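These notes concern the structure reproduced below.
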Amino acid sequence: MQNSQSQDAKDPDAKYWVKTVGRGAEILEALATRGPGHGMSVTEVGQACGISKSAAFGILQTLRHYGLVADEGEGMHRRYRLGMTLARLGDRARSQVSLRDVARPVLLELTEATSMASRVAVLEDGHAVVIDQVDLETGARLDLRMGTRELPHCSGLGKALLAQMPEDEARALIARTGLRRRTSRTITDEETLLAHLRDIRASGYALDDEEDAEGIFCVGSVVRDHRGGTAGAISVTGLKLDQPSWRIQEIGRQVSEAADRISTALGFQGEG
């Protein structure tokens, strides 16, 4: 409760909040921590949320009326869990979420922070297809055309997406799209590429080090949906110009953190 109160104090709109509604939200969060078949008693709910048993009971009954909470058992054995109305609302909420809309403000911030053009793409027919991009307002402008279908083995976006596939699926996709040599640095050996994909999964970002175009580098990271699946990927692209390794790593961290923010907005709650 102390963490919640400290966060409330930082929110400029907290003065408009309705306390009882907030308690209801806290109760739903508490019930969400329990696994299947493990509800909570009124007493446990009150203790978890820092409220009296009578207050917890009143809010639970109200939430139950709207299907947001369900109960089972009687008397001392009565247990509460999340209601199925939440599942319906969750499906509606997800249907209203657009990857492009969620990613756009994050890409704007990422471009400002890195001074590099940023993009978001989805996997389509084995290629990374760009659905939105943010260009630099000043300085060097790269020809990053919307809708470009990028090869999965040599682009930052493509490798970020390819790295999330099970190895057998990655092999099948590579067999279909091929390992075309784009520059002298393009990886064209399947086993070398697969080992490279394992490194991408470990580091959290993919690097296209002049593998798709001479003099251009790209750093990409995967975006996850509410189920932990691959929703797409984001990247930043710029001129190589002998970028030091520490700078590449710093950009990789920035891109990975931006991807995590988008994933969270899409409902992803971490590997757990």
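Heads up: the sequence shown begins at 3 in the working numbering, then just goes up one per residue. Just so it is clear, CB atoms sit at the ideal spot from N, CA and C, and this is done for glycine as well. Computed from a prediction, not measured in an experiment: that's the story for all the values here.
Residue i and residue j look like a contact to me (Cβ under 8 angstroms); what is the Cβ gap, rounded to whole Å?
i	j	result
F219	G206	So it is not a contact: roughly 17 angstroms between Cβ atoms.
I264	V108	5 angstroms
A233	L101	6 angstroms
L125	L163	5 angstroms
G39	E74	Not really, about 10 angstroms apart at Cβ, beyond 8 angstroms.
Going by alpha carbons, who is nearest to residue i out of the options?
i	options	result
V221	A233, S247 and L196	S247
Q271	A27, A34 and D15	A34
V104	D244, I236, G254 and L243	I236
S117	G92, E252, P38 and K161	E252
V225	I29, G160 and L153	G160
D227	L125, L84, G41 and L268	L268
H129	T179, D93 and R106	T179
T150	L163, R121 and R36	R121
R81	R36, L112 and T113	R36
E216	S157, R94 and I202	S157
R83	D201, S186, G77 and A72	A72
Taking the beta strand (DSSP E) that residue i falls in, what are its first and last residues?
i	result
S100	First-last for S100: undefined, no H or E at that position.
A197	Premise fails: A197 lies in the alpha helix (DSSP H), E192 to S205, not in any beta strand (DSSP E).
E74	V71 to E74
E46	First-last for E46: V44 to C51, but that is the alpha helix (DSSP H), not the beta strand (DSSP E).
Q271	Segment: none, Q271 is in no beta strand (DSSP E) and carries neither H nor E.
L125	A119 to E126
R83	R81 to L84
Inspect the beta-carbon positions of residue i and residue j and report whether they are closer than 9 angstroms.
i	j	result
A123	V136	no
T188	L181	yes
A57	G69	no
A172	A165	yes
G26	T64	yes
R90	D134	no
R184	D214	yes
Could you spell out the range, first to last residue, of the alpha helix (DSSP H) harbouring residue i?
i	result
Q251	S247 to A267
I29	K21 to A34
R66	K55 to H67
E169	E169 to T179
A162	G158 to L164
Drop a sphere of 10 angstroms on the beta-carbon of residue i, count the other beta-carbons inside from all chains shown, and report buried for 16 or more, exposed for fewer.
i	result
K17	exposed
Q256	buried
L209	buried
Q9	With a pLDDT of only 49 at Q9, under the threshold of 50, the placement of this residue in the model should not be trusted; the figure read from the coordinates follows. Counting Cβ neighbours within 10 Å, Q9 comes out exposed, since fewer than 16 surround it.
D20	The amino acid occupying residue 20 in the given sequence is Val; Asp does not appear at that position. Looking at its Cβ environment, which holds fewer than 16 other Cβ atoms inside 10 Å, V20 is exposed.
H155	buried
R229	exposed
L243	exposed
S223	buried
V23	exposed
G254	buried
M148	Residue placement at M148 is flagged as unreliable, the pLDDT there being 43, under the threshold of 50; a coordinate-derived value is accordingly withheld.
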